[in-house]
Structures are given as structure tokens and as C-alpha cells.
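**Student:**
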Amino acid sequence: MARYKPYSYDQTKLIPISYDRQILPGTFERTLSEVIDTLDMSVFNGRYHNDETGAPAYDPKILLKVVLYAYSHGIIGSRRIGALCADNVIFMALSADSRPHFTTIADFISTLQEEIVTIFRHVVMISMQMDLIDASMFAIDGCKLPSNASKEWSGTKEELRKKKEKLEQALRHMIRSHVKQDESDKESDGSEERFKERLCRARAKIEKLDKWLESSDDKVSGRGYVRQSNVTDNESAKMKTSHGVVQGYNGIAVVDSKHQVIVSAEAHGEGQDHQLLKPALEAAKQTLKATGFDGAKLEGTVVAADTGFHASENLEYLEREGIDGYVPDSNFRKRDPRFATAGKYKDTNEKEQWGKAHFDHADFTYAKKDDCYVCPAGKRLEYATSDLTTNGLTYYKYVAKQRHCGGCGFRSHCITKDTHKVRAIFRRSDGGENVCSRMREKIDTQRGREMYSKRMAIVEPVFGNMRHAKRLDRFTLRTRKKVNVQWLFYCMVHNIEKICNFGSAPFACACA
Numbered sequence: 003m004a005r006y007k008p009y010s011y012d013q014t015k016l017i018p019i020s021y022d023r024q025i026l027p028g029t030f031e032r033t034l035s036e037v038i039d040t041l042d043m044s045v046f047n048g049r050y051h052n053d054e055t056g057a058p059a060y061d062p063k064i065l066l067k068v069v070l071y072a073y074s075h076g077i078i079g080s081r082r083i084g085a086l087c088a089d090n091v092i093f094m095a096l097s098a099d100s101r102p103h104f105t106t107i108a109d110f111i112s113t114l115q116e117e118i119v120t121i122f123r124h125v126v127m128i129s130m131q132m133d134l135i136d137a138s139m140f141a142i143d144g145c146k147l148p149s150n151a152s153k154e155w156s157g158t159k160e161e162l163r164k165k166k167e168k169l170e171q172a173l174r175h176m177i178r179s180h181v182k183q184d185e186s187d188k189e190s191d192g193s194e195e196r197f198k199e200r201l202c203r204a205r206a207k208i209e210k211l212d213k214w215l216e217s218s219d220d221k222v223s224g225r226g227y228v229r230q231s232n233v234t235d236n237e238s239a240k241m242k243t244s245h246g247v248v249q250g251y252n253g254i255a256v257v258d259s260k261h262q263v264i265v266s267a268e269a270h271g272e273g274q275d276h277q278l279l280k281p282a283l284e285a286a287k288q289t290l291k292a293t294g295f296d297g298a299k300l301e302g303t304v305v306a307a308d309t310g311f312h313a314s315e316n317l318e319y320l321e322r323e324g325i326d327g328y329v330p331d332s333n334f335r336k337r338d339p340r341f342a343t344a345g346k347y348k349d350t351n352e353k354e355q356w357g358k359a360h361f362d363h364a365d366f367t368y369a370k371k372d373d374c375y376v377c378p379a380g381k382r383l384e385y386a387t388s389d390l391t392t393n394g395l396t397y398y399k400y401v402a403k404q405r406h407c408g409g410c411g412f413r414s415h416c417i418t419k420d421t422h423k424v425r426a427i428f429r430r431s432d433g434g435e436n437v438c439s440r441m442r443e444k445i446d447t448q449r450g451r452e453m454y455s456k457r458m459a460i461v462e463p464v465f466g467n468m469r470h471a472k473r474l475d476r477f478t479l480r481t482r483k484k485v486n487v488q489w490l491f492y493c494m495v496h497n498i499e500k501i502c503n504f505g506s507a508p509f510a511c512a513c514a
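Using my numbering, read the sequence shown as starting at 3 and increasing by one per residue.
#1: Below 8 Å CB to CB, which residues in the same chain sit around Val69 once its five sequence neighbours on both sides are set aside?
#2: Inspect the CB distances between the stretch 169-181 and the stretch 270-278 and report whether three or more fall short of 8 Å.
#3: Determine whether the beta carbon atoms of Tyr385 and Tyr400 lie at a separation below 8 Å.
#4: When burial is assigned at 16 or more other CB atoms within 10 Å of the CB, is Asn232 buried or exposed?
#5: Does DSSP put Gln277 in a helix, in a strand, or in coil?
#6: For the alpha helix (DSSP H) holding Val463, just list the boundary residues, first then last.
#7: Taking the beta carbon of Cys87 as the centre, do at least 16 other beta carbons fall within 10 Å, making it buried, or is it exposed?
#8: Should the stretch 292-307 be called in touch with the stretch 140-147, which here means at least 3 C-beta pairs below 8 Å?
#9: Output yes if chain D places a C-beta closer than 8 Å to the C-beta of Ala306; else output no.
#10: For Glu352, count neighbouring C-beta atoms within 10 Å of its own C-beta (all shown protein chains included) and say buried if the count is 16 or more, exposed if not.
#11: Would you say the stretch 39-53 touches the stretch 438-453, given that touching needs at least three Cβ pairs under 8 Å?
#12: Does DSSP classify Pro18 as helix, strand or coil?
#13: Does the beta-carbon of Phe341 have 16 or more other beta-carbons within 10 angstroms, so that it is buried, or is it exposed?
#14: At what residues does the alpha helix (DSSP H) containing Thr303 begin and finish?
#15: How is His103 classed by DSSP in three states: helix, strand or coil?
#16: Looking only at its own chain, which residues have a Cβ that is under 8 Å from the Cβ of Pro58, when we skip the five neighbours before and after it?
#17: State the start and end residues of the unbroken beta strand (DSSP E) segment that holds Thr243.
#18: Do you know offhand how far Glu354's Cα is from Cys416's?
#19: Return the chain-ordered list of same chain residues with a C-beta closer than 7 Å to the C-beta of Glu237, the five sequence neighbours on each side being excluded.
#20: Leu215 to Gly157, Cα distance in whole Å?
#21: For the candidate residues Val464, Glu154, Lys159 and Gln277, whose alpha-carbon lies nearest to that of Val256?
#22: Which one of Gly380, Pro62, Pro27 and Thr105 has the shortest CA to CA distance from Arg2?
#23: Is it the case that the Cβ atoms of Ala364 and Gln249 are separated by a distance below 8 Å?
#24: Considering only residues of the same chain and omitting the five flanking positions on each side of Leu317, which have a CB-CB separation below 6 Å?
#25: Could you name the residues of the same chain whose beta carbon sits closer than 6 Å to that of Gln288, not counting the 5 residues immediately before and after it, in chain order?
#26: Compare the beta carbon distance of Ile64 and Ser100 with 8 Å and say whether it is the shorter of the two.
#27: Per DSSP, what kind of secondary structure is Asn503 in: helix, strand or coil?
#28: Could you check where the alpha helix (DSSP H) with Pro62 kicks off and where it finishes?
#29: For Ile77, which residues from the same chain have a beta carbon less than 8 Å from its beta carbon, with the 5 sequence-adjacent residues on both sides left out?
#30: Let me confirm a value: Ile17 is counted as buried when at least 16 other C-beta atoms fall within 10 Å, else exposed. Which label applies?
#31: Can you tell me where the beta strand (DSSP E) holding Thr367 begins and where it ends?
#32: Ignore the nearest five residues each way along the sequence and tell me which others in Ala204's own chain have a CB closer than 8 Å to its CB.
#33: Round the Cβ separation of Thr396 and Ser431 to the nearest angstrom and send it over; I've been treating them as touching at under 8 Å.
#34: When we look at the beta-carbon of Pro330 and count the other beta-carbons within 10 Å, is it buried (16 or more) or exposed?
#35: Is Ala267 buried or exposed, if buried means 16 or more other CB atoms sit within 10 Å of its CB?
#36: Determine whether the beta carbon atoms of Lys336 and Asn252 lie at a separation below 8 Å.
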């Protein structure tokens with residue numbers, strides 16, 4: 003029978019360590035260290051005022067290295083990062099065994115709002131110098147993540163005022179129940195302490211709502227409607243995701259098509275994407291201009307974004323800037339012949355509900371002379387004087403008479419919902435020709451479908467890398483500026499990984 007040398011992991015050994023030899027050539031940590039070493043330190047001059055007095059500060063390069071390396075492994079807690087700087091050999095090597103305290107790390111991350119953009123642009127500039135970016139096509143998308151705020155504390159000002167009243171009512175009921183318990187002399191061991199603890203928590207919640215209601219107003223969206231506020235972090239927002247509704251932030255990224263390098267990134271407290279395309283592209287222009295790229299105006303550059311960005315103001319911006327944009331509307335797949343047989347894969351009940359042929363706008367004839375529409379059954383739809391204005395356009399409403407629709411033989415093919423009594427048609431004030439219709443025609447071409455189909459392959463793997471490989475499942479900070487720091491840290495980790503995998507010397511992954 004074979005014999006093996008005994009071994010045990012339950013032992014320690016003291017050995018001399020050369021820190022520079024622990025960071026091996028071709029590894030992510032070597033690339034990270036060399037990228038940060040090329041950073042111009044003048045960006046941090048405004049943070050410190052200890053030229054003549056005060057203790058020496060930790061070198062920001064050291065703090066950047068340990069934080070970025072921790073984020074690359076999904077570690078974002080300052081206490082754990084501080085502990086690793088004392089225990090882990092790689093962290094010790096990157097920090098030159100300086101062992102920064104976790105409070106120093108936490109303060110560094112939360113106060114880096116002014117410098118983080120410059121650092122991010124420096125990483126993009128290195129990617130540009132290594133020919134990892136060609137700027138011929140960009141894809142834009144958002145990654146919606148929960149943050150350090152609770153949905154429980156969301157609502158309009160009126161809703162939060164009602165919540166406070168309910169809490170006060172519950173508090174009064176709690177006190178009355180405790181008084182009755184005292185009178186009945188049935189108090190159990192520890193009940194007084196539990197009551198005081200519950201009372202303290204309830205009063206703290208009421209006080210928290212009181213302070214917010216006195217000092218804050220309702221948030222109003224860009225389109226004029228009242229949005230829900232949040233008592234914990236009022237810059238966050240409720241947003242729908244594939245995992246349900248979350249209270250958090252939307253991390254927007256503009257990704258290059260060549261090696262999926264992120265050229266622009268920013269976190270927004272907006273659940274809807276339609277207001278975020280212009281800021282994202284303007285930030286991309288500034289980043290490319292700062293890196294010395296000649297085509298920083300993006301004129302002629304292909305930009306692909308999903309249906310969430312389809313809004314007239316975004317499409318007008320793309321046309322005005324000369325950007326070759328591809329932003330489809332929500333119905334573009336219904337017009338795509340490649341999806342003509344998609345319905346056969348649906349459930350039987352769903353096919354019965356949606357598989358019927360319904361009359362659309364094209365089946366109704368507009369009679370300009372009489373200013374009315376004529377339906378397929380030959381009945382008139384009269385102007386209803388209830389116009390709708392949205393995205394700068396006016397929509398004129400035409401409605402059929404109830405006696406015509408009630409017994410019509412085409413009703414099942416014309417009215418899709420049983421709750422609707424009559425059919426209505428809207429006519430646009432511009433006659434149907436506007437920036438949205440031009441984009442629909444563009445998307446429906448062979449080139450339009452081809453260019454848009456590339457979007458998912460460009461931007462979605464970036465979010466997959468950050469969310470799953472780097473374990474970014476939530477933002478742990480509050481307020482948009484601090485969350486934006488965390489988002490840019492993860493974007494920098496992604497870009498430095500691209501430099502490591504595809505860059506040329508001295509940052510290449512080829513072993514020295």
C-alpha cells in the first residue's frame with residue numbers, strides 16, 4: 003500500500019516576504035498597481051492640508067489599490083478591507099504593509115466624489131492608448147440595483163403623513179394596552195423592558211418622519227408628476243427590475259464595442275431611462291475629449307440603446323448631434339418578420355387572449371373634409387374635443403357612438419377589452435411624421451435590425467461581469483454622489499481587467 007508524507011494545514015510559519023515579488027506579472031493586481039502608479043497625484047492636492055503641521059496622510063494610491071482590488075473580489079465593507087490589509091499577503095503587498103484603518107478607508111471612499119471622475123478618465127485614457135477603444139459604436143444601458151434605503155420609508159408627502167398618523171395611533175394603542183396590563187396585575191417577567199424597547203422604536207420612527215415632513219417637499223419629475231420620496235435616502239428611487247421593485251439607483255454605462263470598455267458611467271436615482279441618454283452621451287464626450295480622442299463629438303458614431311431610452315427628446319438630441327442612433331420603440335419586435343411565429347410558443351390561454359386579429363389605426367380611414375374617422379364597419383368616429391398632449395405633440399381624440407359599437411359584428415376584432423364600451427382613435431397634430439416615426443422606419447430596415455442586435459452582446463456581458471463575477475448585488479452607501487463613487491469603482495475594476503486581458507506592455511497579461 004502506498005505511503006504519503008504527512009501534512010497539516012493547522013500550522014503557521016514565519017518567513018521573510020518581499021512584497022514586490024508577491025504581485026506576480028500578468029495578474030490583475032499587477033495591472034492594477036501599475037495603472038494606479040501612473041496616476042497624476044495633483045488631483046488629490048485639495049484633500050490634504052498637512053504641508054507644515056499634522057500627521058502624514060496615507061498615500062491615495064495605496065488606498066485606491068486596496069479598495070479596487072477588494073471590489074474586484076466583491077468585498078466592499080471597509081472593516082473587512084482593513085482586516086485584509088493586516089491578514090492577506092496580496093493586500094499587504096499592494097498597501098506595502100501600511101495597514102490603513104477601516105475608518106480611513108471608509109472616509110476615503112465616501113469623500114471621493116470630486117476626484118473619482120478624473121481617476122476613471124485616467125483608466126479610460128490608458129485603454130485608449132492601448133487601442134482597446136475604437137469609438138465607432140457604443141451601447142448604452144442601465145443596471146438597477148437596490149441601495150441602503152428601505153421601500154417601507156417611501157411615498158409622497160401625503161402618504162408619509164398618513165403613515166405617521168398610523169404610527170401615532172399604534173403608539174397610543176400600545177400605551178393603552180400596557181396600562182390595562184398593569185391594572186390587571188398580570189405582568190410577566192421582562193415585559194416592562196420589552197415595552198420600553200418597543201415604545202422607544204415607535205417614537206424614533208415618528209420623530210424621523212416628523213423631521214422629514216418639516217424639512218422636505220415632494221419630488222417632481224421632469225414631466226411634472228409627483229414622485230415618491232424616501233425618508234432614508236431621498237435621492238434614491240423605486241424602480242422595477244426583473245427581481246421585483248427595489249429602492250435604489252440606476253447605474254448607466256456607455257460601453258465601446260471593440261473590447262467592451264466602459265467610456266462613461268454614472269449612477270442616477272431615476273427608475274426610467276428616457277431622461278438619461280443625453281447625460282450619458284455628454285459625459286462620454288467629455289471623457290473622450292479628456293483622453294485626447296479626435297472624434298469626441300461622436301458625429302457619425304453608432305449608438306444603440308434599448309426601448310427604455312425611446313423618447314422624442316432623446317431622438318431629437320441624436321439627430322441634432324449627428325449621432326447614428328438606434329433606439330427602438332416597444333413594438334418593434336411585433337413588426338419584425340423574424341418574430342412572426344413567436345406566438346406559437348405562448349400558452350394556450352395567452353394565445354386565445356392575444357392571438358386574435360384586432361383592427362389597428364391603419365384600418366380606420368380619416369375623412370379630412372368632415373374631420374372624422376370611418377371604421378371598417380362604415381361608422382363614423384367624431385372628434386371628442388378631449389385632446390392629449392405628450393412629448394410636445396398634441397393628439398386629437400375621435401370616439402365612436404355607443405349604439406354603433408354595442409351591436410357591431412366586428413366588436414371582438416375592434417375593442418380589445420370588455421370594459422371598454424366604444425372604440426377611440428387618436429390623430430397626431432404633426433400628421434404622423436416626426437422623429438419617432440423616422441426612428442421606427444430606421445429600426446425596421448435590415449441595417450437597423452442588424453445594428454441594434456449588437457447592443458445586447460456589447461453591454462449586457464459588462465453588467466453580468468460586475469453583478470455575478472464581481473458580486474455587485476447592491477449599493478451600500480447613501481446619496482447619489484456616494485453611490486456614484488461605488489459604481490465608478492466597479493466600472494474601473496472592469497476596465498482594468500480589460501487592460502490586463504487585452505492590453506499591451508507594460509500592463510499585458512503575458513508573463514515576463
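Just so you know, even glycine gets a beta-carbon here, dropped at the ideal spot from N, CA and C.
**Tutor:** Looking at the coordinates:
#1: The residue given as residue 69 occupies position 67 in the sequence shown. Answer for Val69: Ile83, Ile107, Phe110, Ile111 and Phe491, listed in chain order.
#2: no
#3: Within the sequence shown, the letter at position 383 stands for residue 385. Within the sequence shown, the letter at position 398 stands for residue 400. Against a cut-off of 8 Å, the Cβ pair of Tyr400 and Tyr385 comes out as a contact.
#4: Within the sequence shown, the letter at position 230 stands for residue 232. Asn232 is buried by the Cβ-count criterion.
#5: Against the sequence shown, residue 277 aligns to sequence position 275. Coil.
#6: Position 461 of the sequence shown holds residue 463. First, the amino acid is wrong: residue 463 is Pro here, not Val. Element bounds for Pro463: Gln448 to Gly466.
#7: In the sequence shown, the residue the question calls residue 87 occupies position 85. By the neighbour-count rule (16 or more Cβ atoms within 10 Å), Cys87 is buried.
#8: yes
#9: No chain D appears in the structure shown, which is made up of a single protein chain.
#10: Start at 1 with the first residue of the sequence shown, and residue 352 comes out as number 350. Note on Glu352: pLDDT 45, under 50, position unreliable in the model; the coordinate value appears next. By the neighbour-count rule (16 or more Cβ atoms within 10 Å), Glu352 is not buried but exposed.
#11: no
#12: Numbered from 1 along the sequence shown, position 16 holds the residue referred to as residue 18. Residue state, collapsed to three classes: coil.
#13: Residue 341 sits at position 339 when you count from the first residue of the sequence shown. The residue in question, Phe341, is exposed, as its Cβ has fewer than 16 Cβ neighbours within 10 Å.
#14: Residue 303 sits at position 301 when you count from the first residue of the sequence shown. Where Thr303 is concerned, there is no enclosing alpha helix (DSSP H), given that its DSSP letter is neither H nor E.
#15: As a first step, residue 103 is located in the sequence shown; it is residue number 101 there, counting from the start. Three-state DSSP puts His103 in coil, outside helix and strand.
#16: Residue numbering aside, residue 58 sits at position 56 when the sequence shown is read from its first letter. Taken in chain order, the residues that qualify are Asn52.
#17: By 1-based counting over the sequence shown, the position of residue 243 is 241. Run containing Thr243: Ala239 to Thr243, per the beta strand (DSSP E) assignment.
#18: Here residue 354 refers to the residue found at position 352 of the sequence shown. Here residue 416 refers to the residue found at position 414 of the sequence shown. Any reading at Glu354 needs caution, since the residue's pLDDT is 44, under 50, leaving its predicted position unreliable; the model's value is listed next. Looking at the two C-alpha atoms, the distance is approximately 15 Å.
#19: Indexing the sequence shown from 1 puts residue 237 at position 235. If we look at Glu237 and ignore the five residues flanking it on each side, its Cβ neighbours are Gly271, Thr481 and Arg482.
#20: In the sequence shown, residue 215 corresponds to position 213, counting from 1. In the sequence shown, residue 157 corresponds to position 155, counting from 1. Distance between the alpha carbons of Leu215 and Gly157 is about 11 Å.
#21: Indexing the sequence shown from 1 puts residue 256 at position 254. Val256 has its Cα closest to that of Val464, out of Val464, Glu154, Lys159 and Gln277.
#22: Residue 2 is absent from the structure shown; the chain starts at 3 and stops at 514.
#23: Reading the sequence shown from its first residue, position 362 is the one you call residue 364. Reading the sequence shown from its first residue, position 247 is the one you call residue 249. No; because the gap between Cβ atoms is not below 8 Å, this pair is not in contact.
#24: Residue numbering aside, residue 317 sits at position 315 when the sequence shown is read from its first letter. If we look at Leu317 and ignore the five residues flanking it on each side, its Cβ neighbours are Val437 and Met441.
#25: On the sequence shown, residue 288 is found 286 positions in, with the first residue counted as 1. Within the same chain, Gln288 has no close Cβ partners at all.
#26: Numbered from 1 along the sequence shown, position 62 holds the residue referred to as residue 64. Numbered from 1 along the sequence shown, position 98 holds the residue referred to as residue 100. Their beta carbons are under 8 Å apart, which means Ile64 touches Ser100 by this criterion.
#27: Your numbering for residue 503 matches position 501 in the sequence shown. It is helical.
#28: Here residue 62 corresponds to residue number 60 of the sequence shown, with the count starting at 1. Start and end: Pro62 to Ser74.
#29: Walking along the sequence shown from the start, residue 77 turns up at place 75. Contacts found: Ile83 and Leu86.
#30: In the sequence shown, residue 17 corresponds to position 15, counting from 1. Under this definition Ile17 is an exposed residue.
#31: Within the sequence shown, numbered from 1, the residue matching residue 367 stands at position 365. First-last of the beta strand (DSSP E) with Thr367: Thr367 to Ala369.
#32: Position 202 of the sequence shown, counted from the start, is the residue given in the question as residue 204. Once the five neighbours on either side are set aside, the close Cβ partners of Ala204 are Leu169, Ala172, Leu173 and Met176.
#33: Residue mapping note: residue 396 aligns to position 394 of the sequence shown, counting from 1. Residue mapping note: residue 431 aligns to position 429 of the sequence shown, counting from 1. 4 Å between Cβ atoms; contact.
#34: Locating residue 330 in the sequence shown gives position 328, where the first residue counts as 1. It is buried - the Cβ of Pro330 has at least 16 other Cβ atoms within 10 Å.
#35: Residue numbering aside, residue 267 sits at position 265 when the sequence shown is read from its first letter. So Ala267 ends up on the buried side.
#36: By 1-based counting over the sequence shown, the position of residue 336 is 334. By 1-based counting over the sequence shown, the position of residue 252 is 250. For Lys336 and Asn252, no; Cβs fall outside 8 Å.
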